[in-house]
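>
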Amino acid sequence: MTGVDRHPAKETLTLVAERYQTALAAYIESGDPEQLGEAYETARLALEANVPLPDFGLLHFAGLRNSLLPAGASGTFLERAEDFFLEGVAVYDMALRGYVSGMASLRKEIAERRRVEQELRDITFELARQRDELDREVRTRTTEIRLRAEELEGKNRQLVQANQEQSNFTYALSHDLKTPINTLYCFLEVLLEDYQADLKPEARELISDLIGTAARMRQLVDDVLDYSKIVGHQFTPERVDLQMLVRQVLKDMDSLAAGSQAEIRVGALPVVMGSPFQIRVLLTNLLSNALTYGSSGQKAQVRVECAPAGTAGKVRLSVSDNGPGIPEDMQERIFELFKRLHRYDQCPGSGIGLALCKRVAETHGTELRVISESGKGAAFSVDLNLEEKQDG
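Anchor point for the sequence shown: position 49 equals 49 in the UniProt record's numbering, and the numbering is continuous, going up by one each time.
#1: Can you list, in chain order, the residues of its chain with a C-beta nearer than 8 angstroms to that of Leu45? Leave out the 5 residues immediately preceding and following it.
#2: For Gln35, which of Lys200, Val271 and Arg80 has the nearest alpha-carbon?
#3: Alpha carbon to alpha carbon, how far is Leu368 from Ala309? Give it in angstroms, no decimals.
#4: Taking the CB atoms as reference points, tell me whether Phe56 and Ala39 lie closer together than 8 angstroms.
#5: Provide the residue span of the alpha helix (DSSP H) that contains Asn322, from first to last.
#6: How far does the beta strand (DSSP E) with Pro308 in it reach, from first residue to last?
#7: Can you have a look at Val138 and say buried or exposed, based on whether 16 or more other CB atoms are within 10 angstroms of its CB?
#8: Name the one or two DSSP bridge partners that Phe380 has.
#9: Report buried or exposed for Val315, applying the criterion of at least 16 other Cβ atoms within 10 angstroms of its Cβ.
#10: Following the continuous beta strand (DSSP E) through Ile352, name the residue where it begins and the one where it ends.
#11: Val100 to Leu53, Cα distance in whole Å?
#12: Can you tell me whether DSSP reads Gly274 as helix, strand or coil?
#13: Just to confirm, are Pro270 and Glu238 a CB contact at a threshold of 8 angstroms?
#14: Here's a check: name, in chain order, each residue in its chain whose Cβ is nearer than 8 angstroms to the Cβ of Asn285, leaving out the five neighbours to either side.
#15: Could you check the C-alpha separation between Arg157 and Ile334 for me, to the nearest Å?
#16: Bridge partners of Asn385, per DSSP?
#17: In this structure, how does DSSP classify Glu263 when only helix, strand and coil are distinguished?
#18: Compare the beta carbon distance of Ser318 and Glu332 with 8 angstroms and say whether it is the shorter of the two.
#19: What is the C-beta distance between Pro324 and Ser374, in whole angstroms, given that I count them as a contact (C-beta under 8 angstroms)?
#20: With a threshold of 8 angstroms between beta-carbons, can Glu18 be considered close to chain D, or not?
#21: Where Thr76 and Phe85 are concerned, what is the direct C-alpha to C-alpha distance, given to the nearest angstrom?
#22: Along the chain, where does the alpha helix (DSSP H) that runs through Asp329 open and close?
#23: Check Val240 in the structure and name its three-state DSSP category.
#24: Residue range of the alpha helix (DSSP H) that Glu41 falls in?
#25: Going along the chain, which residues of its own chain have a beta-carbon closer than 6 angstroms to the beta-carbon of Gln243, five neighbours each way excluded?
#26: Give the straight-line distance between the Cα atoms of Ala26 and Arg146, rounded to the nearest whole angstrom.
#27: Could you pull out every residue in the same chain whose Cβ sits closer than 8 angstroms to the Cβ of Glu387, ignoring the five residues on either side in sequence?
#28: What's the C-alpha gap between Arg65 and Asp135?
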């Protein structure tokens, strides 16, 4: 085959390759002897297109790989592939007859192809083994994860139940304490008012102290009741008109606001979605703190305002004051139960208010933030979901 162009056109080689691979796959699958004629025709076309024998061998190797990977390398399939290839090689054999070196090269090529095919079978077997091993490992790990998840789910149910039982117990205990404490408070007030003239100064002072203690106990019981209502409580979001709610809360706090002589500014507040009861508790405690601590030798200033939260559909509600501020090392601790910055004789309170506010924020899927510096007041803020506007 001297003078033969050993570089056929790429398009021609592609057409020959497609026809050969299609015919090879069909024969491997069926084993029909009549289809061996397609090997002869394909090899003849390859010769006419000046496709060298090594390239023809590569066509066979590519077709063999594509056929065996999906079907699996069984002995029958390999025998059929070899028969098909030798049928095509016979065409080249006739063209090369008398050229011993060419035939020797052909035999060497066939041996190399068989070596590569065996290597391919070995690789396929190893991949299958690794796949099976990986499948077993995945099943084992999946089972372990499922069992662990079930265990954690069971423990979580136990914790939820225990938390609910504790909350119910706290509520029942606080509720039962409320009536006798209120009765004690009323009796002490009546005693001081109706029998003041009959009491010695020391007795009047003692009764006044007892009234103050009873008032603190009453406030503590009320805060514990609110806390037990919020902890673990699930609610369906409702419309909450912040403007109206702030107005109602401030009206309930008239005496505290008047006593502090604070300047209270309320900005334009939107309608949000949440728990009306919980948001009322939040505002009551934040405003109470602002009015209580909102003065450091000057007229107290309290602001309630809203601003975009930086997330679509949310608004940031903030309550700020110009009070003495909160030291940086205390800004985390103030949200813990019964943690206070001042003694009761300096500033009244139960030490539950900010813990309540934190719980309200958490049940609304957000967090309560504080920004403060010593001597520069404090600002508490929480992000709430805006009311969704209905189309039409």
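The C-beta atom is built at its ideal place from N, Cα and C for all residues, glycine as well.
On the basis of the supplied data:
#1: Within the sequence shown, numbered from 1, the residue matching residue 45 stands at position 45. The residues are Val16 and Arg19.
#2: Taking the first residue of the sequence shown as 1, we reach residue 35 at position 35. Nearest option by C-alpha distance: Arg80.
#3: By one-based count along the sequence shown, residue 309 stands at place 309. By one-based count along the sequence shown, residue 368 stands at place 368. Separation of Ala309 and Leu368 (C-alpha to C-alpha, rounded to the nearest whole angstrom) is 13 angstroms.
#4: Position 56 of the sequence shown, counted from the start, is the residue given in the question as residue 56. Position 39 of the sequence shown, counted from the start, is the residue given in the question as residue 39. Against a cut-off of 8 angstroms, the Cβ pair of Ala39 and Phe56 comes out as no contact.
#5: Within the sequence shown, numbered from 1, the residue matching residue 322 stands at position 322. Taken as a continuous stretch (DSSP letters only), Asn322 belongs to no alpha helix (DSSP H), as it is neither H nor E.
#6: Residue 308 sits at position 308 when you count from the first residue of the sequence shown. Start and end: Gln301 to Pro308.
#7: Here the question's residue 138 lines up with position 138 in the sequence shown. By the 10 Å Cβ count, Val138 comes out exposed.
#8: Within the sequence shown, residue 380 is the residue found at index 380, counting from 1. DSSP, once it has assigned bridges, lists Val319 and Val370 as partnering Phe380.
#9: By 1-based counting over the sequence shown, the position of residue 315 is 315. That one is buried.
#10: For this step, residue 352 is matched to residue 352 along the sequence shown. Here Ile352 belongs to no beta strand (DSSP E), and DSSP marks it neither H nor E.
#11: The residue you call residue 100 lines up with position 100 of the sequence shown. The residue you call residue 53 lines up with position 53 of the sequence shown. Low per-residue confidence applies at Val100: pLDDT is 45, beneath 50, and the placement is therefore not dependable, though the value from the model is reported in the following sentence. So the alpha carbons of these two residues sit roughly 14 angstroms apart.
#12: Position 274 of the sequence shown holds residue 274. Residue state, collapsed to three classes: strand.
#13: Working through the sequence shown from its first residue, we reach residue 270 at position 270. Working through the sequence shown from its first residue, we reach residue 238 at position 238. No; because the gap between Cβ atoms is not below 8 angstroms, this pair is not in contact.
#14: Stepping through the sequence shown from its first residue, residue 285 is reached at position 285. Listed in chain order, the non-local C-beta contacts of Asn285 below 8 angstroms within the same chain comprise Gly353, Leu354, Leu356 and Cys357, local neighbours out to five positions each way being set aside.
#15: Position 157 of the sequence shown, counted from the start, is the residue given in the question as residue 157. Position 334 of the sequence shown, counted from the start, is the residue given in the question as residue 334. C-alpha separation (whole angstroms): 30 angstroms.
#16: Translated into the one-based positions of the sequence shown, residue 385 becomes position 385. BP columns for Asn385 point to Met273 and Lys314.
#17: The residue you call residue 263 lines up with position 263 of the sequence shown. Residue state, collapsed to three classes: strand.
#18: Working through the sequence shown from its first residue, we reach residue 318 at position 318. Working through the sequence shown from its first residue, we reach residue 332 at position 332. The answer is no: Cβ separation not under 8 angstroms.
#19: Here residue 324 refers to the residue found at position 324 when the sequence shown is read from its first residue. Here residue 374 refers to the residue found at position 374 when the sequence shown is read from its first residue. Right, their Cβ atoms sit about 7 angstroms apart.
#20: Among the chains in the structure shown there is no chain D, since it carries only a single protein chain.
#21: Residue 76 sits at position 76 when you count from the first residue of the sequence shown. Residue 85 sits at position 85 when you count from the first residue of the sequence shown. In this model, Thr76 and Phe85 are separated by some 14 angstroms (Cα to Cα).
#22: Position 329 of the sequence shown, counting from 1, holds the residue named residue 329. Looking at the DSSP string, Asp329 is not in any alpha helix (DSSP H), and its letter there is neither H nor E.
#23: Here residue 240 refers to the residue found at position 240 of the sequence shown. Strand, per DSSP.
#24: Here residue 41 refers to the residue found at position 41 of the sequence shown. Leu36 to Glu48 is the span of the alpha helix (DSSP H), which, as asked, contains Glu41.
#25: In the sequence shown, counting from the first residue as 1, residue 243 sits at position 243. Excluding residues within five positions, the ones whose Cβ falls inside 6 angstroms are Leu269.
#26: Position 26 of the sequence shown, counting from 1, holds the residue named residue 26. Position 146 of the sequence shown, counting from 1, holds the residue named residue 146. If I take the Cα positions, the gap works out to 46 angstroms.
#27: What you label residue 387 is simply residue 387 of the sequence shown in a count that begins at 1. Excluding residues within five positions, the ones whose Cβ falls inside 8 angstroms are Arg239, Pro270, Val271, Val272 and Met273.
#28: As a first step, residue 65 is located in the sequence shown; it is residue number 65 there, counting from the start. As a first step, residue 135 is located in the sequence shown; it is residue number 135 there, counting from the start. For Arg65 and Asp135, the distance between alpha carbons rounds to 25 angstroms.
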